[in-house]
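Each residue of the sequence shown is one higher than the one before, counting from 456 in the working numbering.
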Amino acid sequence: MKKFTGILIILWAMVHMPACAQDMDNEREWEPEDTEFYEPVPPVVEAEGGFMDPPSDAIILFDGSDFSAWQSANGDEVDWMLDEGEMTVMPGSGNIVTRDGFGSIQLYLEWKTPTEIDGDGQGRGNSGVFLQRRYEVQVLDSYENETYVNGMAGSIYKQYAPLVNAARPPGEWQTYNIIYEAPEFDDNDELVSPAYLTVFWNGVMIHNRTEVKGDTEYIGPADYSVHGNDGIMLQDHGDLVSFRNIWVRELDESPVWGHEGF
Ligand code: MG
Numbered sequence: 456m457k458k459f460t461g462i463l464i465i466l467w468a469m470v471h472m473p474a475c476a477q478d479m480d481n482e483r484e485w486e487p488e489d490t491e492f493y494e495p496v497p498p499v500v501e502a503e504g505g506f507m508d509p510p511s512d513a514i515i516l517f518d519g520s521d522f523s524a525w526q527s528a529n530g531d532e533v534d535w536m537l538d539e540g541e542m543t544v545m546p547g548s549g550n551i552v553t554r555d556g557f558g559s560i561q562l563y564l565e566w567k568t569p570t571e572i573d574g575d576g577q578g579r580g581n582s583g584v585f586l587q588r589r590y591e592v593q594v595l596d597s598y599e600n601e602t603y604v605n606g607m608a609g610s611i612y613k614q615y616a617p618l619v620n621a622a623r624p625p626g627e628w629q630t631y632n633i634i635y636e637a638p639e640f641d642d643n644d645e646l647v648s649p650a651y652l653t654v655f656w657n658g659v660m661i662h663n664r665t666e667v668k669g670d671t672e673y674i675g676p677a678d679y680s681v682h683g684n685d686g687i688m689l690q691d692h693g694d695l696v697s698f699r700n701i702w703v704r705e706l707d708e709s710p711v712w713g714h715e716g717f
């Protein structure tokens, strides 16, 4: 009888142990450092180009004149600074988000970090562009400024480093040209198709239809949460980062989008 009980216990353990191990992994206490990687280091490239005027089908989100397309992420009026055709983060006032939501888009914008260097690593010219309020393409002063490579400028934050470091010196305007494919969820809120990001930084490709792993997370692994067509969000990370010439094209508005071909 004892032997039989012993066999039963072993069988029970064989069935249940893998699940126990998985539970322990899910309940793991993550530290921010666990998702920060320092190599391989993207090679530095010098890039002069990348500037672009909005084409005729673009929706202008910021032409330097006002914040009419934007609101504070908490729903209040925008409290950022507006001066000489550019907007600048008002530290402590919070993120701002477009009043309109978008699906799959081409998003173009220009940004610059402060000429006066203050801080280092993640504390130097930090902001960010969040697609649908949750997937961050990092904005940072990455000119001779070391940090984890999946948190440098051009990174899909805490997920992917950019292919190269195309950073210009602080105080110089830089460009992002982003092609964003929104994720799709089914009626049961299950992910059907992930988000993809293609990004040009100062005209240089740094992501080639990269599969986004889920919502941007500072701590722990990324995971998807069901959502609709939320707005584009710009981050207040406490640094005086400026933006100008922001426009978007709605790719999924074209009748050709998703067409299988001829
Ligand atoms: Mg950021």
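We put the beta carbon where it would ideally sit given N, CA and C, even for glycine.
- Beyond the five residues adjoining it in sequence on each side, PHE506 comes within less than 7 Å, by CB distance, of THR630 in the same chain, given in chain order.
- With a cutoff of 6 Å, HIS692 counts as near ligand 1, since its C-beta is closer than that to a heavy atom of the ligand.
- Under the rule that a run must span 3 or more residues, the beta strand (DSSP E) segments found entirely inside the region 635-695 read 646-648, 651-656 and 659-666.
- Between TYR563 and TRP702, the gap from beta carbon to beta carbon is short of 7 Å.
- Between ligand 1 and GLN587, a heavy atom-to-CB distance of less than 6 Å is absent.
- Looking at the DSSP output, LEU564 sits in a beta bridge with TYR631.
- Ranked by Cα distance from GLY547, the first of THR665, ASN663, SER697 and HIS692 is HIS692.
- Listed in chain order, the non-local C-beta contacts of ILE572 below 8 Å within the same chain comprise ARG579, ASP596 and PRO625, local neighbours out to five positions each way being set aside.
- Here the alpha carbons of TRP535 and THR490 stand approximately 31 Å from one another.
- Residues of the same chain with a CB within less than 7 Å of the CB of VAL544, apart from the 5 flanking positions on each side, are TRP535, SER582, ASP691, ASP694, LEU695 and VAL696 in chain order.
- Spanning the alpha carbons of ASP555 and ASP685 requires a straight line of approximately 7 Å.
- Take the alpha-carbon of ARG483 and the one of GLU627: they are about 42 Å apart.
- Taking C-beta atoms as the reference points, THR671 and ARG664 fail to come closer than 7 Å.
- Residue range 536-538 is occupied by the beta strand (DSSP E) that includes ASP538.
- In this structure, ARG704 lies away from ASP521, with their beta-carbon atoms at least 7 Å apart.
- By the neighbour-count criterion, in which 16 or more other beta carbons inside 10 Å mark a residue as buried, TYR598 falls on the buried side.
- In this structure, the CA atom of TYR603 is about 45 Å from the CA atom of PHE717.
- Annotation: the continuous beta strand (DSSP E) that includes LEU586 extends over 582-586.
- Per DSSP, reduced to three states, the secondary structure at GLU591 is strand.
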